[in-house]
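Participant: Quick one: structure below, then a few questions.
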Amino acid sequence: MEIMKMEIMVSCRGWKKLKIRSGVPTITWEGEAAAPIYAPPPSAPIAHSPPTHNQPFLLPQARQLLRPGDPSEMVSADAARNVVGIIGNVISFGLFLSPTPVFWRIIKAKDVEEFKPDPYLATLLNCMLWVFYGLPIVHPNSILVVTINGIGLVIEGSYLIIFFLYSTNNKRLKMIGVLAAEAAFMVAVVLGVLLGAHTHEKRSMIVGILCVIFGTIMYASPLTIMGKVIKTKSVEYMPFTLSLVNFLNGCCWLAYALIKFDLYVTGNR
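According to the working numbering, the sequence shown holds residues 5 to 273 in order.
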């Protein structure tokens, strides 16, 4: 077999010649001797394949760098997921703000009229569950889920305060009862998950399932006014803006969950 030679400069003191005979590399030195950069231990021989016309000879270190599953692919997926998540945060922020005209109307009229607090009570509980789900002790690397739902908690709480101020006593009592039940439920969930489940997988599964269930309730809550809409043949008390932004929000977070698959975010959208 024809002898193939490759010359590689390893130091300013000399040249190393790598001769390959029948696929077996041998190393000789010309010039002043220098310490080898890498010498594999005898107990761990490295197999070398002879080069072909279509496949250049690569040292093992170079082959290691060209293995499939380049981490850059993961970086690209994470970057895309973060971008979609940020867009989702912006749309979710718009979703939380979409009822603002309704509450401005309530403040001016000093009356809640035929509006119901059900969507805002459901959204409050949904935000609490998603904040808990996104915490590092439950589901790490979900900061975007925590931030937007934390903002949602503040906004929904503000809406409920306005609703409480201008409601009748009966509606106030109903709101207090629902809020107390939600608070007790969240305390039970937090204690049960932290004390009963000791891995991220189990905690994510339990809280994720609850998020899907109560997220479905949140999306269905505006339908409680559907009877009024059908009776009056008017969507005055079921704002179109809220429905539209809800739809866009669901689409964006579905894309976020599918880029790096998250079963529970997907199920909730």
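Even glycine gets a Cβ: it sits at the ideal position worked out from N, Cα and C. Please read all numbers here as calculations on a predicted model, not as lab measurements.
Which term fits residue 95, buried or exposed, when burial requires 16 or more other beta carbons within 10 angstroms of its beta carbon?
Facilitator: Here the question's residue 95 lines up with position 91 in the sequence shown. Looking at its Cβ environment, which holds 16 or more other Cβ atoms inside 10 Å, residue 95 is buried.
Participant: Short check: CB of residue 121 to CB of residue 222, under 9 Å?
Facilitator: Stepping through the sequence shown from its first residue, residue 121 is reached at position 117. Stepping through the sequence shown from its first residue, residue 222 is reached at position 218. Contact: no.
Participant: How about residue 155 and residue 100: are their beta carbons less than 9 Å apart?
Facilitator: Position 151 of the sequence shown, counting from 1, holds the residue named residue 155. Position 96 of the sequence shown, counting from 1, holds the residue named residue 100. Their beta carbons are under 9 Å apart, which means residue 155 touches residue 100 by this criterion.
Participant: Just to confirm my understanding: we take residue 163, look at its own chain, exclude 5 residues before and 5 after, and list those with CB closer than 7 Å. What are they?
Facilitator: Taking the sequence shown and counting its residues from 1, the one referred to as residue 163 is at position 159. Same-chain partners within the cutoff: 103, 107 and 124.
Participant: Taking the alpha helix (DSSP H) that residue 208 falls in, what are its first and last residues?
Facilitator: Within the sequence shown, the letter at position 204 stands for residue 208. 204-224 is the span of the alpha helix (DSSP H), which, as asked, contains residue 208.
Participant: Residue 119 by DSSP, collapsed to three states: which one?
Facilitator: Indexing the sequence shown from 1 puts residue 119 at position 115. Coil at residue 119, not helix or strand.
Participant: Smallest Cα separation from residue 143: which of 247, 215 and 258?
Facilitator: The residue you call residue 143 lines up with position 139 of the sequence shown. Ranking 247, 215 and 258 by Cα distance to residue 143 puts 215 first.
Participant: Quick one: what's got a C-beta closer than 7 Å to residue 117's C-beta in the same chain, skipping five residues either side?
Facilitator: Locating residue 117 in the sequence shown gives position 113, counting from the first residue. The answer is none, since no qualifying residue turns up.
Participant: Of all Cβ atoms in chain C, is any one closer than 9 Å to the Cβ of residue 122?
Facilitator: Structure shown: chain C not included; a single protein chain is present.
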